[in-house]
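What follows is a set of notes on a single structure, which appears directly below.
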Amino acid sequence: MGGWQSTSGSANKTVNMPLEYNNNDGDTVIIPVDASQQAEAAFLWYVNHVHRPENTVRILHCQEVVQSTPMLAEHAFRTDSWVDLMERAREQGQNIISKYDKKLEEHNIKGSVIFEVGKPGETVIDAAEKNRATMIVMGTRGFGLVRRTILGSVSEYVIHHTKVPVTVVPKETQSWFF
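So that you can map any letter, position 154 of the sequence shown is 154 in UniProt numbering, and since no number is skipped, the others follow by simple counting.
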């Protein structure tokens with residue numbers, strides 16, 4: 001296997017890298033989605049700019065369950081409200097799964113839709129590892145500065161914790177490429 005040599009400052013280091021990337025079996029790509037336009041933009045960006053017929057796509061929808069603390073439990077949700085919230089979340093999840101199942105079929109893309117419950121960032125990383133993904137393509141959530149600072153960014157978490165390349169498709173990209 002050939003490589004290239006990189007010199008930086010006074011230290012020389014040789015990095016062994018393939019000179020040509022050729023994966024005849026295709027890549028496995030994780031595309032995390034929710035009900036947002038940003039998620040759909042990321043999917044369409046992948047379809048229009050990256051997809052090859054031999055690739056396998058794993059669409060990942062993660063539902064985060066909010067848990068109340070025991071001390072606040074009696075004030076947080078009444079039982080019937082909690083059940084209603086969970087039912088709405090389940091219905092929304094089913095709608096997203098159906099939507100992206102159809103999109104995979106419409107675009108003749110080999111793959112599946114995965115539904116997980118958990119923290120979104122951690123779930124994306126786990127799915128990438130389990131599926132031996134070679135790439136993650138995701139949209140931005142579109143939070144403002146204050147909300148992003150308080151809640152954190154899923155894409156930022158994924159970028160800093162994954163071992164595979166990540167493409168983050170910004171909200172503005174919708175009008176640039178479609």
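All residues carry an ideal CB built from backbone N, CA and C; glycine is no exception.
Cut-off 6 Å between Cβ atoms - residues of its own chain near residue i, not counting five sequence neighbours on either side
i	result
S98	none
A39	V33, G139
V169	A41, A42, W45, G139
V166	I136, V158, I159
E54	G26
L104	G111
A133	T28, I30, V164
residue 179	The question about residue 179 has no answer, for the chain in this structure spans 1 to 178.
Sequence-distant residues of the same chain with beta carbon closer than 7 Å to residue i, five excluded per side
i	result
A128	I30, I136, T162, V164
T56	G26, T28, K110, G111
V47	H107
Cβ neighbours of residue i in the same chain (closer than 8 Å, five flanking residues each side left out)
i	result
residue 187	Past the edges of the chain, shown from 1 to 178, lies residue 187, and the structure says nothing about it.
K171	Q37, Q38, A41, G139, T140, G142
D84	none
R52	G26, D27
Residues bridged to residue i (per DSSP)
i	result
V29	V57, M135
V113	I59
Range of the contiguous beta strand (DSSP E) that encloses residue i
i	result
L118	Looking at the sequence itself, residue 118 is Gly, so the reference to Leu does not match. Unbroken run through G118: none, as it is neither H nor E.
Residue range of the alpha helix (DSSP H) that includes residue i
i	result
V166	Here V166 belongs to no alpha helix (DSSP H); instead the beta strand (DSSP E) covers 166-169.
E156	154-161
A41	37-49
Beta carbon proximity, residue i to chain B, threshold 8 Å
i	result
Q94	Going by chain labels, chain B is absent from the structure shown, which holds only one protein chain.
Cβ-heavy atom distance, residue i to the ligand GDP, below 7 Å
i	result
Q37	The ligand GDP is not part of this structure, which contains no ligands at all.
Exercise for the section: Report yes or no: do the segment 58-66 and the segment 108-124 share at least 3 C-beta pairs separated by less than 8 Å? Expected result: Contact holds: three or more Cβ-Cβ distances are below 8 Å.
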